[in-house]
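Visitor: This is the structure, below, for whatever I ask next.
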Amino acid sequence: MLMITEIPRIIRYEARKRLSEATNVRTALNIINTSPADFAQRTAELEAAILQTGSLFGRNRLNPRLYRDISALKLQLGADHPHTLDEWVGMYQEGLKGEAFAATPRFFDGTYARLNRLIVAKENPFTFATQIQNPNQLASGLLLEGYGFFLGQFHGNPEIARTTVLALEACLLLHFPKASLLSDVICWMKEEKADFPSGIAKRLARM
Numbered sequence: 026m027l028m029i030t031e032i033p034r035i036i037r038y039e040a041r042k043r044l045s046e047a048t049n050v051r052t053a054l055n056i057i058n059t060s061p062a063d064f065a066q067r068t069a070e071l072e073a074a075i076l077q078t079g080s081l082f083g084r085n086r087l088n089p090r091l092y093r094d095i096s097a098l099k100l101q102l103g104a105d106h107p108h109t110l111d112e113w114v115g116m117y118q119e120g121l122k123g124e125a126f127a128a129t130p131r132f133f134d135g136t137y138a139r140l141n142r143l144i145v146a147k148e149n150p151f152t153f154a155t156q157i158q159n160p161n162q163l164a165s166g167l168l169l170e171g172y173g174f175f176l177g178q179f180h181g182n183p184e185i186a187r188t189t190v191l192a193l194e195a196c197l198l199l200h201f202p203k204a205s206l207l208s209d210v211i212c213w214m215k216e217e218k219a220d221f222p223s224g225i226a227k228r229l230a231r232m
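So the sequence shown is numbered by this note's numbering: it starts at 26 and just counts up by one.
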């Protein structure tokens, strides 16, 4: 297990190296790199939401009006769990040292390359990435959507990406309502409230 302070530093480094082709993304990542505290906070909040989502997998019954997408993600992942950021970074570092399965470096390189192409091409769900100027909001969007994208690529099922984002956003709203990560993305959640189950949509409509 990595020290929690190492995870955002490694993510920042890899993002600046691999996702800086779009001008405003590059600018935002440079700002975040010089003032990393806010990014570290949002990284910790995402990790907490991932862990909470995984713990909810263990419940026998979840209210579908609130937890529909978490239940859907559990079905899509089968016996697996939503990988934590600590696990992703650990797999990447182990792969570089030849200590994990041989495809690890190739998987990360290819996934980052595809992610960068989607951002530059302004394709869904990354259309926001070349429009948002607030570095924290941009970073939060990339953290959530990027995490979902990686999980979908890892399991060879692109549908997992969208389910993951909806599940994590619902988890943030229900369990971490004061998170800065949630504050950054709540405007998009409200715009897309029709994509959420009824209980989440009603909460968003009241906000």
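We put the beta carbon where it would ideally sit given N, CA and C, even for glycine.
By the three-class DSSP mapping on this structure, what secondary structure does His-180 have?
Guide: Here His-180 sits in helix by DSSP.
Visitor: As an exercise, report each continuous alpha helix (DSSP H) stretch of at least 4 residues that is fully enclosed by the region 69-109, in chain order.
Guide: DSSP runs (the alpha helix (DSSP H)) wholly in the region 69-109: 89-102.
Visitor: Tell me which residue opens and which closes the alpha helix (DSSP H) that Asn-141 is part of.
Guide: Looking at the DSSP string, the run of the alpha helix (DSSP H) that includes Asn-141 is 129-145.
Visitor: Within the same chain, show all residues whose beta-carbon is closer than 7 angstroms to that of Gln-158, passing over the 5 residues directly before and after it, in chain order.
Guide: Once the five neighbours on either side are set aside, the close Cβ partners of Gln-158 are Asn-49.
Visitor: On the CB-based measure, 16 or more other CB atoms within 10 Å of its CB, does Lys-147 come out buried or exposed?
Guide: It is exposed - the Cβ of Lys-147 has fewer than 16 other Cβ atoms within 10 Å.
Visitor: Out of Arg-67, Ile-144, Lys-42, point me to the one whose CA is closest to Ser-205's CA.
Guide: Of Arg-67, Ile-144, Lys-42, the residue nearest in Cα terms is Arg-67.
Visitor: Could you check if Asn-85 is buried or exposed, using at least 16 other CB atoms within 10 Å of its CB as the buried criterion?
Guide: Exposed: under 16 other Cβ atoms inside 10 Å.
Visitor: Just to check my reading of the structure: Tyr-137 and Leu-71 have Cβ atoms closer than 8 angstroms, yes? What is that Cβ distance to the nearest angstrom?
Guide: With 8 angstroms as the limit, Tyr-137 and Leu-71 do not qualify as a contact, their Cβ atoms being about 18 angstroms apart.
Visitor: Would you identify the three-state DSSP class for Asn-161, choosing helix, strand or coil?
Guide: Asn-161 falls in the helix class under three-state DSSP.
Visitor: Count the other C-beta atoms from every protein chain shown that fall within 10 angstroms of the C-beta of Lys-99, then say buried if there are 16 or more, exposed otherwise.
Guide: With 16 or more Cβ atoms within 10 Å of its Cβ, Lys-99 is classed as buried.
Visitor: Here's the rule: buried if 16 or more other CB atoms are within 10 angstroms of the residue's CB, otherwise exposed. What is Ala-230?
Guide: Ala-230 should be labelled exposed.
Visitor: Would you mind stating whether Thr-155 and Ala-62 have Cβ atoms separated by less than 8 angstroms?
Guide: No, they are not a contact pair.
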